[in-house]
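Trainee: Quick note on numbering: numbering that gives the first Met the number 0 labels position 232 of the sequence shown as 231, and the sequence is numbered without any gaps. Have a look at this one.
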Amino acid sequence: MAQTVFNRVEKKYKLSEEKYRQFLERLLYYMEIDQFGKHTINNIYYDTQDDLLIRHSIEKPKYKEKLRLRSYGTPGLLDSVFLEIKKKYNGIVNKRRIELPLQFAYDYLNYGIHPFDATQILNEMDYFLSLYELTPKLCLAYERIALFGKEDPDFRVTFDTNIRSRTEDLHLEHGSHGALLFDNHTYLMEVKITNSTPLWFTKLLSEYEIYNISFSKYGSVYQKQQQEAATNNEAKEKNILLAG
0 MAQTVFNRVE
10 KKYKLSEEKY
20 RQFLERLLYY
30 MEIDQFGKHT
40 INNIYYDTQD
50 DLLIRHSIEK
60 PKYKEKLRLR
70 SYGTPGLLDS
80 VFLEIKKKYN
90 GIVNKRRIEL
100 PLQFAYDYLN
110 YGIHPFDATQ
120 ILNEMDYFLS
130 LYELTPKLCL
140 AYERIALFGK
150 EDPDFRVTFD
160 TNIRSRTEDL
170 HLEHGSHGAL
180 LFDNHTYLME
190 VKITNSTPLW
200 FTKLLSEYEI
210 YNISFSKYGS
220 VYQKQQQEAA
230 TNNEAKEKNI
240 LLAG
């Protein structure tokens, strides 16, 4: 069983396909694409029945946290996945995760069956699960290309596209199908900074007029769902009034 802890700053940017291609070409002078190339990431996000965690998150508090189950590609029940707690305080991201077979992850999350002896990260997950009655709420998938710095391998940039989600059939082993969040000519760039931002990268952002945005994939899907539900309710109320 592998355990991993990350502490870093993460910044996000939205790019058109044209700007993505131009920017990527320049990045490759300073960075390399990792060994996985373009790959699919699948996630299940867990929340309370009334969506407490994501509702709190989109209010942009100083501190927020979430729990997700992640796979790279579509896993079988015996394939390795990652169970992650991601916390953010004053802009600093702390991610703690454990690697385990998918079936073990389901047994732990659904029935409280420990997949192995207690560890610090597992104890933290136990505590997190004791605070909230969590249930799977959303499957979210996308294609990703990840790059790392030639001089500083801890400096990472990722590009995500074809972001899609579903609220039914919440099983990683069932694939990555879902409704698109926005058109697949849009790229989400995430910059993951452990030490400091290289000067050359700051200059490239300025040259291409690329600006930092506040963005959450899960939060954006949730807000889109709420807007669609409100629109549908308004239409139903209007039809009732017209019928009356």
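Glycine included, each C-beta is placed from N, C-alpha and C at the ideal position. All values derive from a computational prediction rather than experimental measurement.
Can you tell me whether Y107 is buried or exposed, with buried defined as 16 or more other CB within 10 angstroms of its CB?
Mentor: Numbered from its first residue, the sequence shown carries residue 107 at position 108. Result: buried.
Trainee: Give every residue of the same chain whose Cβ lies closer than 6 Å to the Cβ of G174, excluding the five residues on either side of it in the sequence, and list them in chain order.
Mentor: Translated into positions along the sequence shown, residue 174 becomes position 175. So the qualifying residues of the chain are T73.
Trainee: Do the CB positions of F127 and R143 come within less than 9 Å of each other?
Mentor: Taking the sequence shown and counting its residues from 1, one reaches residue 127 at position 128. Taking the sequence shown and counting its residues from 1, one reaches residue 143 at position 144. Not a contact, by the Cβ cut-off of 9 Å.
Trainee: Taking the alpha-carbon of M188 as reference, which of A178, H176, R20 and N231 has the nearest alpha-carbon?
Mentor: Position 189 of the sequence shown, counting from 1, holds the residue named residue 188. The shortest Cα separation from M188 among A178, H176, R20 and N231 belongs to R20.
Trainee: Going by the CB atoms, is the gap between K149 and E31 shorter than 9 Å?
Mentor: Residue numbering aside, residue 31 sits at position 32 when the sequence shown is read from its first letter. Residue numbering aside, residue 149 sits at position 150 when the sequence shown is read from its first letter. The answer is yes: Cβ separation under 9 Å.
Trainee: For the beta strand (DSSP E) containing A117, list its first residue and its last residue.
Mentor: Residue 117 sits at position 118 when you count from the first residue of the sequence shown. Taken as a continuous stretch (DSSP letters only), A117 belongs to no beta strand (DSSP E), as it is neither H nor E.
Trainee: Note down the Cα distance separating F103 from N42, rounded to an integer number of angstroms.
Mentor: In the sequence shown, the residue the question calls residue 103 occupies position 104. In the sequence shown, the residue the question calls residue 42 occupies position 43. Approximately 16 Å between the Cα atoms of the pair.
Trainee: List the residues that DSSP assigns as beta-bridge partners of L14.
Mentor: Here residue 14 refers to the residue found at position 15 of the sequence shown. In DSSP, L14 forms a bridge with Y186.
Trainee: For G218, does the three-state DSSP call read helix, strand or coil?
Mentor: For the purposes of this step, residue 218 is identified with residue 219 of the sequence shown, where counting begins at 1. Three-state DSSP puts G218 in a helix.
Trainee: What first and last residue would you give for the beta strand (DSSP E) that runs through I91?
Mentor: Taking the sequence shown and counting its residues from 1, the one referred to as residue 91 is at position 92. Looking at the DSSP string, the run of the beta strand (DSSP E) that includes I91 is I91 to P100.
Trainee: Since L169 contacts P135 with CB under 8 Å, what's their CB separation in whole angstroms?
Mentor: Counting from 1 along the sequence shown, the entry for residue 169 is found at position 170. Counting from 1 along the sequence shown, the entry for residue 135 is found at position 136. Correct: roughly 4 Å between the Cβ atoms.
Trainee: Among the residues of its own chain, which have a CB less than 8 Å from the CB of G75, if the five just before and after it don't count?
Mentor: As a working mapping, residue 75 is identified with position 76 in the sequence shown. Closer than 8 Å at the Cβ level, and outside the excluded window around G75, lie L101 and E172.
Trainee: With H, G and I counted as helix, E and B as strand and the rest as coil, what does DSSP make of H170?
Mentor: Sequence index remark: in the sequence shown, residue 170 carries index 171 (1-based). Note: H170 maps to coil in three-state DSSP.
Trainee: Where N194 and T201 are concerned, what is the direct C-alpha to C-alpha distance, given to the nearest angstrom?
Mentor: As a first step, residue 194 must be located in the sequence shown, where it is residue number 195. As a first step, residue 201 must be located in the sequence shown, where it is residue number 202. Their backbone Cα atoms lie some 14 Å apart in a straight line.
Trainee: Can you list the beta strand (DSSP E) stretches of 3 or more residues lying completely in the segment 60-95, in chain order?
Mentor: List check, beta strand (DSSP E) in window: 62-71 and 79-88.
Trainee: For L137, list the residues DSSP reports as bridge partners.
Mentor: To locate residue 137, count along the sequence shown from 1; it is residue 138. Answer is Y44, bridged to L137.
Trainee: DSSP three-state label for D159, please.
Mentor: Here the question's residue 159 lines up with position 160 in the sequence shown. If DSSP states are grouped into helix, strand and coil, D159 belongs with the strands.
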